[in-house]
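>
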Amino acid sequence: MIALKVKTQYRSEFVDITGDVAKAVRKIGISDGIVLIYCPHTTAGITINENADPSVLTDINLKTSKFIDHNDPDYRHGEGNSDSHIKSSFFGASETVIIERGKLVLGTWQGIFFAEFDGPRNREIFLKIIPG
Amino acid sequence: MIALKVKTQYRSEFVDITGDVAKAVRKIGISDGIVLIYCPHTTAGITINENADPSVLTDINLKTSKFIDHNDPDYRHGEGNSDSHIKSSFFGASETVIIERGKLVLGTWQGIFFAEFDGPRNREIFLKIIPG
Amino acid sequence: MIALKVKTQYRSEFVDITGDVAKAVRKIGISDGIVLIYCPHTTAGITINENADPSVLTDINLKTSKFIDHNDPDYRHGEGNSDSHIKSSFFGASETVIIERGKLVLGTWQGIFFAEFDGPRNREIFLKIIPG
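Residue numbers (my numbering), protein chains in the order written: chain Z, 865 to 996; chain G, 865 to 996; chain B, 865 to 996.
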């Protein structure tokens with residue numbers, strides 16, 4: 865297992881970690897298999913989406929925060945981050961990506977993102993490579 | 865493949881299965897790899913979230929049921945559980961967790977949950993361990 | 865890695881790819897393991913849900929389009945498909961299914977679907993089989 869560090873700057877933010885994951889895979893030197901990109905936090909997640917126009921990520925954040933809003937008076941959890949926990953489950957704790965000839969197999973417009981929903985914080989990501 | 869049984873008690877409920885998954889992994893005796901936790905039902909799912917304050921799970925359930933409500937008059941499916949199917953796709957059919965030295969690698973506050981959306985029912989969970 | 869082709873006919877559509885995935889797994893001739901079903905597009909995804917009554921898929925599409933609507937005036941991305949990107953992250957880029965004795969292990973009512981959110985288009989799906 866490999867642990868990567870991510871420092872987030874805003875409450876809600878998508879941090880492009882594609883380069884870090886690709887580098888870690890290259891370093892391990894495996895040719896073919898899969899890599900699990902895992903988030904060990906319950907107010908964040910991992911997602912794959914467009915890495916070209918940043919307004920896509922802005923829109924994902926904006927829209928999600930409309931139906932999973934920060935301040936619903938019905939929330940019972942006392943830390944004020946129920947929305948972050950809900951988003952964490954919806955975006956998901958991990959993504960799995962194919963490795964071929966030592967490289968990540970991603971679509972043309974795909975990037976891998978650490979999805980922060982309760983930052984700014986110092987966060988970790990776990991990578992696990994399975995050859996095959 | 866290992867099959868576990870889960871008995872749910874409410875229509876919508878998050879059942880902590882972390883201990884059962886950890887026990888099954890220990891029993892197999894594998895040191896390193898990944899475990900796929902898979903839900904074979906279409907009105908339930910698997911999710912990872914906070915296992916400390918139960919109000920987090922209450923809030924996830926409450927909020928999700930606001931924008932994916934039970935009784936939308938536009939639903940066409942005749943069984944009255946369209947909301948359960950929609951939630952199933954959003955929470956997802958599986959999660960994958962890293963195994964290291966025979967133990968699940970989870971974040972401090974993370975638990976693995978069977979997410980019931982159309983209970984109470986007798987349910988199954990499939991586990992598949994891949995060494996690596 | 866195996867690449868499958870999918871041709872979608874509508875803007876939003878769930879295409880049942882269970883048979884194609886099962887056939888590819890049979891062709892590889894692997895007995896036990898897992899198969900990753902991966903979508904390399906950022907306005908589509910992979911989901912597992914009911915394959916019996918098609919009104920379930922209609923309801924998933926209808927409901928999701930209510931809270932992730934096509935024409936929110938706050939969207940900033942200029943291509944008019946922000947809703948498609950958001951749905952892509954929510955349904956997820958992949959699913960993983962267990963293989964036992966050469967066959968996919970699915971629940972009674974489960975099918976694997978390519979989830980199109982910005983069609984009609986010619987799309988690809990990547991499969992990666994990990995024995996174990």
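C-beta: ideal position from N, C-alpha, C; glycine also.
Shortest alpha-carbon distance to ALA979(G) belongs to which of THR960(G), MET865(G) and TYR874(G)?
For the residues THR960(G), MET865(G) and TYR874(G), the minimum Cα distance to ALA979(G) belongs to TYR874(G).
> What first and last residue would you give for the beta strand (DSSP E) that runs through PHE978(G)?
It spans 974–980 - the beta strand (DSSP E) in which PHE978(G) sits, taken as one unbroken run.
> For ILE898(B), collect the residues of the same chain with a Cβ closer than 8 angstroms to its Cβ; drop the 5 residues on either side in sequence, then sort them by chain order.
Hits under 8 angstroms: THR960, VAL961, ILE962, ILE963, ILE993, ILE994 and GLY996.
> With 8 angstroms set as the bound, which would you pick, yes or no: does the beta-carbon of ILE993(G) sit closer than that to a beta-carbon of chain Z?
Judged by the 8 angstroms Cβ criterion, ILE993(G) is not in contact with chain Z.
> Does ILE924(B) come out as helix, strand or coil in the three-state DSSP assignment?
Here ILE924(B) sits in helix by DSSP.
> Are the beta-carbon atoms of VAL879(Z) and HIS949(B) separated by less than 8 angstroms?
No; because the gap between Cβ atoms is not below 8 angstroms, this pair is not in contact.
> From the DSSP output, read off the bridge partner residues of SER895(G).
Per DSSP, none; premise fails for SER895(G).
> Is it buried or exposed for PRO1008(Z), if we count other Cβ within 10 angstroms and need 16 for buried?
Outside the shown range of chain Z (865 to 996) lies residue 1008(Z), about which nothing can therefore be said.
> Anything in the stretch 900–912 of chain G with a Cβ closer than 7 angstroms to a Cβ of chain B? List those residues in chain order, please.
Cβ contacts with chain B come from LEU900, TYR902, PRO904, HIS905 and THR906.
> Count Cβ pairs between the stretch 902–914 of chain G and the stretch 964–973 of chain B that sit closer than 8 angstroms; are there 3 or more?
At 8 angstroms Cβ cutoff, the stretches touch.
> With DSSP run on the structure shown, which of helix, strand or coil describes ALA883(G)?
Looking at the sequence itself, residue 883(G) is Gly, so the reference to Ala does not match. Three-state result, GLY883(G): helix.
> From the DSSP output, read off the bridge partner residues of PRO918(B).
DSSP, once it has assigned bridges, lists no residue as partnering PRO918(B).
> For VAL885(B), which of MET865(B), TYR939(B) and THR872(B) has the nearest alpha-carbon?
The shortest Cα separation from VAL885(B) among MET865(B), TYR939(B) and THR872(B) belongs to MET865(B).
> Go ahead and pull the three-state DSSP assignment for ALA888(B).
Correct three-state label for ALA888(B): helix.
> Give every residue of the same chain whose Cβ lies closer than 7 angstroms to the Cβ of GLU877(B), excluding the five residues on either side of it in the sequence, and list them in chain order.
Within the same chain, GLU877(B) has close Cβ partners GLU980 and GLY983.
> Are ILE932(B) and ASP947(B) touching if we call contact CB-CB under 8 angstroms?
Yes, the Cβ-Cβ distance between ILE932(B) and ASP947(B) is below 8 angstroms.
> Using the beta-carbon of each residue, which ones in chain G are nearer than 8 angstroms to SER895(Z)?
Within 8 angstroms Cβ-Cβ: nothing; SER895(Z) doesn't reach chain G, min ~14 angstroms.
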